[in-house]
Amino acid sequence: MDNLLGGLAVFLVGRRVPGLGALLSLLLVLGVGVIGANVLGRRMIEFGESLLLRLPLVRTVYTSIKQLLMGFVLDNKDAFQQVVLVEYPRPGMYSLAFVTRQGAPWYQGEGSEELYSIFIPTTPNPTSGYMLLVPREQVEFVDLSVEDALKMIISGGLISPNKAAEEDGASGA
9 MDNLLGGLAV FLVGRRVPGL GALLSLLLVL GVGVIGANVL GRRMIEFGES LLLRLPLVRT
69 VYTSIKQLLM GFVLDNKDAF QQVVLVEYPR PGMYSLAFVT RQGAPWYQGE GSEELYSIFI
129 PTTPNPTSGY MLLVPREQVE FVDLSVEDAL KMIISGGLIS PNKAAEEDGA SGA
C-alpha cells in the first residue's frame, strides 16, 4: 500500500511517510465495515435471504437453522424454557437437554401421554444436536439455569455450576 500511496504522500506532505499505507488500509477496512454493517450490508443480507427463501428445500433448512441460532443469540423466552435430564443415548446414560415445547397437539398417539419437545445439544458446538419427543414421565427437571447448562455442554463437563461460581468469585466478577 505504501508503494501505491507513496506518490500521494510526497505530493501532500513533501516526503514519504512510513506506515501511511498500513494506516490507510486499516481505515479503509474500518470504513467498509461500518458502511457494510449499517446500510449496504443490511441490504445485501436481506437480498441473500430473499434468494434462499425462494428455494423450497433450502428455505426449510435455512429457516430451521435461523430459528435455532436465534434461540442461542437472543434472550428469547420461547427458545429454551428449562433444563432437563433425559435417558439418552441408551438406558443408564443421561444427557442434558432443553425443553423447547410442552405438548404436541398434532400427536394423536395411544393414551393421553404428554410429549415434550426437547433439544439435546452436542459438545462443544451446541448449535447442533438432536430434537426428541419424549414422554413427560421420562423427563427429569433439574435446578440448573440454561446459561450454566450451556457452559457445561460447551466445556465438555469441565465447568460445572459450582466450579463456575468459584471461578467468578475468585476473579472478582
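Heads up, our numbering is the position in the sequence shown plus 8, with the first residue counted as 1.
By construction, the Cβ of each residue, glycine as well, lies at the ideal position given by its N, Cα and C atoms.
Q. So, helix, strand or coil for I167, using DSSP?
A. Numbered from 1 along the sequence shown, position 159 holds the residue referred to as residue 167. If DSSP states are grouped into helix, strand and coil, I167 belongs with coil.
With DSSP as the reference, label A172 as helix, strand or coil.
Working through the sequence shown from its first residue, we reach residue 172 at position 164. Any reading at A172 needs caution, since the residue's pLDDT is 49, under 50, leaving its predicted position unreliable; the model's value is listed next. Looking at A172 - three-state DSSP - the assignment turns out to be helix.
Exercise. E145 to L59, Cα distance in whole Å?
Worked result: Here residue 145 corresponds to residue number 137 of the sequence shown, with the count starting at 1. Here residue 59 corresponds to residue number 51 of the sequence shown, with the count starting at 1. When rounded, the distance between both Cα atoms is 43 angstroms.
Could you have a look at F88 and say whether DSSP puts it in helix, strand or coil?
-> The count along the sequence shown starts at 1 and reaches residue 88 at position 80. Correct three-state label for F88: coil.
What is the residue span of the alpha helix (DSSP H) that S33 lies within?
For the purposes of this step, residue 33 is taken as the residue at position 25 of the sequence shown. Judged by DSSP secondary structure, S33 falls within the alpha helix (DSSP H) whose first and last residues are 28 to 43.
Report, in whole angstroms, the separation of the C-beta atoms of I161 and L76, which I expect to be a contact under 8 angstroms. By 1-based counting over the sequence shown, the position of residue 161 is 153. By 1-based counting over the sequence shown, the position of residue 76 is 68. Rounded, the Cβ-Cβ distance is 14 angstroms, inconsistent with contact.
Let me check understanding here. Comparing Cα to Cα, which of Y115, E121, E95, Y138 lies closest to T108? Position 100 of the sequence shown, counted from the first residue, corresponds to residue 108. Looking at the Cα atoms, Y138 is the closest of the given residues.
Per DSSP, the bridge partner or partners of M139: If you number the sequence shown from 1, residue 139 lands on position 131. M139 pairs with F127.
| message | Let's test the definition: count the other Cβ atoms within 10 Å of the Cβ of P212 and tell me whether it reaches 16, buried, or not, exposed. | response | Look at the range of the chain in this structure, 9 to 181, and you will see that residue 212 is not part of it.
- Item | Where L104 falls: helix, strand or coil (DSSP) | The count along the sequence shown starts at 1 and reaches residue 104 at position 96. If DSSP states are grouped into helix, strand and coil, L104 belongs with the strands.
Since E57 is in the alpha helix (DSSP H), which residue starts that stretch and which ends it? Sequence index remark: in the sequence shown, residue 57 carries index 49 (1-based). It spans 49 to 60 - the alpha helix (DSSP H) in which E57 sits, taken as one unbroken run.
- Quick one, which of W114, G39, G49, Q90 has its alpha-carbon nearest D151's? As a first step, residue 151 is located in the sequence shown; it is residue number 143 there, counting from the start. A check of alpha carbon separations from D151 across W114, G39, G49, Q90 identifies Q90 as the nearest.
(Q) So, at 8 angstroms on beta carbons, what are the nonlocal neighbours of Y124 in its own chain, with the 5 sequence-adjacent residues on each side left out? (A) Reading the sequence shown from its first residue, position 116 is the one you call residue 124. Leaving aside the five residues that flank Y124 on each side, the residues in its chain whose CB is nearer than 8 angstroms to its CB run, in chain order, V92, V107, R109, Q110, G111, L141, V142, P143, R144, V147.
- Specify the secondary structure class of E155 as computed by DSSP and reduced to three states. For the purposes of this step, residue 155 is taken as the residue at position 147 of the sequence shown. If DSSP states are grouped into helix, strand and coil, E155 belongs with the helices.
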